[in-house]
Amino acid sequence: MNRILLAEDEPRIAAFVKKGLEANGFTVEVASHPKTILDMAFSEQFDLMLLDLGLPSKDGLTILEELRGQGMNLSIIILTARDDIKDKVAGLEGGADDYVTKPFRFEELLARIRLRLRNNLNNFTPVPMKLQSGNIVLDLRSRQVYLDHQLIELSNTEFMLLEIFISHKGQVMTRQQLLDHVWGYSYDPGSNIVDVYIGYLRKKLGKNIIATVRGIGYRWIDSELI
Ligand code: CA
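Every letter in the sequence shown is one number past the one before it in our numbering, and letter 108, counting from 1, is 101.
Printed below as a string of structure tokens:
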């Protein structure tokens, strides 16, 4: 199991990221104060750190500098609302491994974390490169989808939605779960966006691939299980 140190002072974002990562099998420790973050990073064993830049009393870039300055080789992904190019360059030059700008979609963050963990030489956890359901194949590395070996054009959102369904074959997914996973915390809860995108997937991949579970949500129909 992979342990992640989440250095984030915004409770809503911390709770959202923690919940999502735990649902995907990670162990997450949250720290919001720079001193706690440094103490935990040096005294405990983590596989990766998500580091917010706007932290109270000490800038995330300074924390990064202190960690790297003391020889800490933990994988670090910067997570921040600052989309200024200077901060990105400073973060990467300061020894961050990657950079995700808020608002982000949870699935994008998850993909970046998995990619980083795969690249860690000391990490042997196998991560699937392909997902398959009947005649539909998702290549997780190239983010491409094939139906009967034919490449199907999907938007990033459609791909993420499809990935969620195929990784939860047979399970009923509620609208809320789909919103959380694919749209993150930046959606309008009253919108029918999930239903609209289910419509797109049915149109592109077959109208019987996803069943509507009245009043609850949707379920992927795996042809191998029929
Ligand atoms: Ca912050």
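Using N, Cα and C, we set each Cβ at its ideal position, and we do this for glycine too. The model shown is predicted, which means the values in this text are computed figures rather than measured ones.
query = Pick from Asn112, Leu198, Val206 and Thr205: whose alpha carbon is nearest that of Gly127?
reply = If you number the sequence shown from 1, residue 127 lands on position 134. It is Leu198.
query = In whole angstroms, what separates the C-alpha of Ile186 from that of Val175?
reply = Position 193 of the sequence shown, counted from the first residue, corresponds to residue 186. Position 182 of the sequence shown, counted from the first residue, corresponds to residue 175. For the pair Ile186 and Val175, the Cα-to-Cα distance works out to about 11 Å.
C-alpha gap between Gln38 and Ala24, whole angstroms = For this step, residue 38 is matched to residue 45 along the sequence shown. For this step, residue 24 is matched to residue 31 along the sequence shown. Gln38 and Ala24: Cα-Cα distance of roughly 14 Å.
Delimiting residues of the beta strand (DSSP E) encompassing Ser68 = Walking along the sequence shown from the start, residue 68 turns up at place 75. Segment Ser68 to Thr73, the beta strand (DSSP E) holding Ser68.
query = Name the DSSP bridge partner or partners of Arg212?
reply = The residue you call residue 212 lines up with position 219 of the sequence shown. In the DSSP output, where bridge partners are listed per residue, Arg212 has Val165 and Ala204.
key: Lys160 versus Leu(-1) - alpha carbon distance   = Taking the first residue of the sequence shown as 1, we reach residue 160 at position 167. Taking the first residue of the sequence shown as 1, we reach residue -1 at position 6. In the sequence as displayed, the identity of residue 160 is Ser instead of Lys. Their Cα atoms are separated by approximately 25 Å.
Residue of Phe99, Pro27, Ile203 and Ala204 minimising C-alpha distance to Ile56 = Mapped onto the sequence shown, residue 56 falls at position 63. Measuring from the Cα of Ile56, the nearest candidate turns out to be Pro27.
task = Quick one: grab the DSSP three-state call for Gln125.
result = On the sequence shown, position 132 is the one that residue 125 refers to. Strand.
Leu43: first and last residue of the uninterrupted alpha helix (DSSP H) it sits in = Within the sequence shown, numbered from 1, the residue matching residue 43 stands at position 50. First-last for Leu43: Leu41 to Asp45, but that is the beta strand (DSSP E), not the alpha helix (DSSP H).
ask   = What's the C-alpha gap between Asp188 and Arg136?
value = Here residue 188 refers to the residue found at position 195 when the sequence shown is read from its first residue. Here residue 136 refers to the residue found at position 143 when the sequence shown is read from its first residue. Between Asp188 and Arg136, the C-alpha separation is close to 22 Å.
message = Mapping the DSSP letters down to three states, classify Ala24 as helix, strand or coil.
response = As a first step, residue 24 must be located in the sequence shown, where it is residue number 31. In the structure shown, Ala24 sits in a strand (DSSP, three-state: E or B).
key: Bridge partners - Gln63, DSSP secondary structure assignment   = Here residue 63 refers to the residue found at position 70 when the sequence shown is read from its first residue. Answer is none; Gln63 lacks a bridge partner.
key: For Gly53, the nearest candidate out of Gln170, Leu85, Asp141 and Asn17 (CA to CA)   = Within the sequence shown, the letter at position 60 stands for residue 53. Comparing alpha carbon positions, the residue from Gln170, Leu85, Asp141 and Asn17 closest to Gly53 is Leu85.
query = Helix, strand or coil for Thr118 per DSSP?
reply = Within the sequence shown, residue 118 is the residue found at index 125, counting from 1. In this predicted model, Thr118 has a pLDDT of only 48, less than 50, meaning its place in the structure is not dependable; the value taken from the coordinates is given anyway. Coil, per DSSP.
request  = Since I believe Asp45 is in contact with Glu1 (beta carbons under 8 Å), could you give me their beta-carbon distance rounded to a whole number of angstroms?
outcome  = Here residue 1 is taken as the residue at index 8 of the sequence shown, counted from 1. Here residue 45 is taken as the residue at index 52 of the sequence shown, counted from 1. Sure, about 5 Å apart at Cβ, within 8 Å.
key: Those residues, in chain order, that have a beta-carbon closer than 6 Å to some heavy atom of ligand 1   = Asp2, Glu3, Asp45, Gly47 and Leu48
task = State the beta-bridge partners of Tyr193 as determined by DSSP.
result = Against the sequence shown, residue 193 aligns to sequence position 200. According to DSSP, which records beta bridges pairwise, Tyr193 is partnered with nothing at all.
ask   = Among residues of its own chain, excluding the 5 on either side of Ile(-3), which ones have a beta-carbon nearer than 8 Å to its beta-carbon?
value = Here residue -3 corresponds to residue number 4 of the sequence shown, with the count starting at 1. So the qualifying residues of the chain are Leu14, Phe19, Thr20, Val21, Glu22, Phe39, Asp40, Leu41, Met42, Leu43 and Ile106.
ask   = Taking Cβ to Cβ, would you say Asn94 is nearer than 7 Å to Asp80?
value = The count along the sequence shown starts at 1 and reaches residue 94 at position 101. The count along the sequence shown starts at 1 and reaches residue 80 at position 87. Per the sequence presented here, residue 94 reads as Thr, with Asn not at that position. It is not a contact, given that the beta carbons lie outside the stated cut-off.
request  = For Val206, collect the residues of the same chain with a Cβ closer than 6 Å to its Cβ; drop the 5 residues on either side in sequence, then sort them by chain order.
outcome  = The residue you call residue 206 lines up with position 213 of the sequence shown. Counting only Cβ-Cβ distances below 6 Å, and skipping sequence neighbours, we find Val165 and Arg212.
query = For Asn113, which option in Asn66, Asp181, Phe97 and Glu146 has the closest C-alpha, if you only look at C-alpha atoms?
reply = Position 120 of the sequence shown, counted from the start, is the residue given in the question as residue 113. Of Asn66, Asp181, Phe97 and Glu146, the residue nearest in Cα terms is Asn66.
ask   = In terms of residue numbering, what span does the beta strand (DSSP E) encompassing Val93 cover?
value = By 1-based counting over the sequence shown, the position of residue 93 is 100. Start and end: Asp91 to Thr94.
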